[in-house]
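Q:
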Ligand code: SF4
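Residue numbers (the working numbering): 12 to 300.
1) Roughly how many whole angstroms lie between the Cα atoms of residue 284 and residue 142?
2) Just to confirm, are residue 73 and residue 267 a CB contact at a threshold of 8 Å?
3) Between the Cα of residue 260 and those of 178, 82, 248 and 107, spot the shortest distance and give me the residue it belongs to.
4) Do three or more CB pairs link the region 151-161 to the region 230-242 at distances below 8 Å?
5) Identify whether residue 263 lies in helix, strand or coil by the three-state DSSP scheme.
6) Among residues of its own chain, excluding the 5 on either side of residue 191, which ones have a beta-carbon nearer than 8 Å to its beta-carbon?
7) Please report the straight-line C-alpha distance between residue 171 and residue 252, rounded to a whole angstrom.
8) What did DSSP end up calling residue 234 once you bin it into helix, strand or coil?
9) Residue 70: beta carbon under 7 Å from a heavy atom of the ligand SF4?
10) Spell out the partners DSSP gives residue 92 in its beta bridges.
11) Measure the beta-carbon distance from residue 133 to residue 64 and round it to whole angstroms, keeping in mind my assumption that it falls under 8 Å.
12) Here's the rule I'm using: 16 or more other beta-carbon atoms within 10 Å means buried, otherwise exposed. How should residue 206 be labelled?
13) Shorter than 7 Å, the distance from the beta carbon of residue 121 to the closest heavy atom of the ligand SF4, or not?
14) Comparing alpha-carbon positions, which option in 264, 197, 76 and 17 lies nearest residue 232?
15) What residue from 273, 109 and 199 has the CA that sits closest to residue 18's CA?
16) Here's the rule I'm using: 16 or more other beta-carbon atoms within 10 Å means buried, otherwise exposed. How should residue 182 be labelled?
17) Kindly indicate which three-state DSSP category residue 197 falls into: helix, strand or coil?
18) Who pairs with residue 187 in a beta bridge, going by DSSP?
19) How about residue 84 and residue 210: are their beta carbons less than 8 Å apart?
20) In whole angstroms, what is the alpha-carbon distance linking residue 121 and residue 16?
21) Does the beta-carbon of residue 292, which I'm using as the reference point, lie nearer than 7 Å to any heavy atom of the ligand SF4?
22) From the DSSP output, in three-state form, read off residue 269 for me.
23) Taking C-beta to C-beta, are residue 46 and residue 148 nearer than 8 Å?
24) Report the residue ranges of all beta strand (DSSP E) runs contained in full by the region 202-257; include only those spanning at least 3 residues, in chain order.
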């Protein structure tokens, strides 16, 4: 896939699924990795009004490199970049949060905790910036992995929220989330990023290997022929209208009483984690005084 093919593919996905309008203010969730960096670059090149937002979980030997690369990239491309961190927003880093999780004997992986906090901070930032859309760097491989994860966990309802635009129902209270790299394979994005010589750290997050996604990805590498990932995603798209029809409900989704984000319970997962972790850290500080 050459540069132009990839860019045309992104534009076609945006137009086919009405992901972004020309007047939209677009927040691009950037991590410093290849996918989100390529997405930010291509959307900017296509003329959309983009701002990069990155969430720093404070992962030693990883987050600093990504922040430095992003700052360099955005300054070179003249794209605004907003940096939010777990430390500033919540009062602890991911490493500190995971110490609490371990101490309490909770069966939670780092990616689960990190993902929940990142998502909530990203939504909060997007609202503060009056954004219309949040664009994420999920590619075709990511979508296939997520679908298989849902199947293996018996969570098929979660797959009804998948697709180029996420969510089961449109709801004006929540900012639209879109995946413009939906039909692009991971190796094509890597190739684009490397040939453009973007300042990107290509190594995995040191905490990723403990995740379920990592196991699925490794398993899929063993069985994959070139059509496996596209087949999974195209089949998902075929059944998506049925899944959405089946799981659709007229009821408005609940919102968290504290942060106003979509939630299945009175408090969302982020606020629940936040209470547990801050309470534990406070008790620990008191007992060490
Ligand atoms: Fe967070 Fe997991 Fe991503 Fe690492 S791989 S940044 S722990 S979500």
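Each residue gets a CB set at the ideal place from its N, CA and C atoms; glycine is no exception.
A: In this structure, then:
1) What you label residue 284 is simply residue 273 of the chain shown in a count that begins at 1. What you label residue 142 is simply residue 131 of the chain shown in a count that begins at 1. For residue 284 and residue 142, the distance between alpha carbons rounds to 26 Å.
2) What you label residue 73 is simply residue 62 of the chain shown in a count that begins at 1. What you label residue 267 is simply residue 256 of the chain shown in a count that begins at 1. No, they are not a contact pair.
3) Counting from 1 along the chain shown, the entry for residue 260 is found at position 249. Comparing alpha carbon positions, the residue from 178, 82, 248 and 107 closest to residue 260 is 178.
4) yes
5) Counting from 1 along the chain shown, the entry for residue 263 is found at position 252. Correct three-state label for residue 263: coil.
6) As a first step, residue 191 must be located in the chain shown, where it is residue number 180. Within the same chain, residue 191 has close Cβ partners 21, 24, 25, 30, 31, 50, 53, 54, 146 and 175.
7) The residue given as residue 171 occupies position 160 in the chain shown. The residue given as residue 252 occupies position 241 in the chain shown. When rounded, the distance between both Cα atoms is 8 Å.
8) Along the chain shown, one-based indexing puts residue 234 at 223. Here residue 234 sits in helix by DSSP.
9) Taking the first residue of the chain shown as position 1, residue 70 is located at position 59. Flag set: Cβ of residue 70 near the ligand SF4.
10) For this step, residue 92 is matched to residue 81 along the chain shown. BP columns for residue 92 point to 63.
11) Here residue 133 refers to the residue found at position 122 when the chain shown is read from its first residue. Here residue 64 refers to the residue found at position 53 when the chain shown is read from its first residue. 6 Å between Cβ atoms; contact.
12) Taking the chain shown and counting its residues from 1, the one referred to as residue 206 is at position 195. Classification for residue 206: exposed.
13) Residue numbering aside, residue 121 sits at position 110 when the chain shown is read from its first letter. Yes, the beta carbon of residue 121 sits closer than 7 Å to at least one heavy atom of the ligand SF4.
14) The residue you call residue 232 lines up with position 221 of the chain shown. Residue 197 is the option with its Cα nearest to residue 232.
15) As a position in the chain shown, residue 18 is number 7, starting the count at 1. Of 273, 109 and 199, the smallest CA-CA separation from residue 18 is found for 199.
16) On the chain shown, residue 182 is found 171 positions in, with the first residue counted as 1. Counting Cβ neighbours within 10 Å, residue 182 comes out exposed, since fewer than 16 surround it.
17) Here residue 197 is taken as the residue at index 186 of the chain shown, counted from 1. In the structure shown, residue 197 sits in a helix (DSSP, three-state: H, G or I).
18) The residue you call residue 187 lines up with position 176 of the chain shown. 144.
19) Counted from its first residue, the chain shown places residue 84 at position 73. Counted from its first residue, the chain shown places residue 210 at position 199. Cβ atoms of residue 84 and residue 210: closer than 8 Å.
20) The residue given as residue 121 occupies position 110 in the chain shown. The residue given as residue 16 occupies position 5 in the chain shown. Taking the straight line from one Cα to the other gives about 36 Å.
21) What you label residue 292 is simply residue 281 of the chain shown in a count that begins at 1. No, the ligand SF4 has no heavy atom inside 7 Å of this Cβ.
22) Position 258 of the chain shown holds residue 269. Coil at residue 269, not helix or strand.
23) Residue mapping note: residue 46 aligns to position 35 of the chain shown, counting from 1. Residue mapping note: residue 148 aligns to position 137 of the chain shown, counting from 1. Taking 8 Å as the Cβ cut-off, residue 46 and residue 148 qualify as a contacting pair.
24) none
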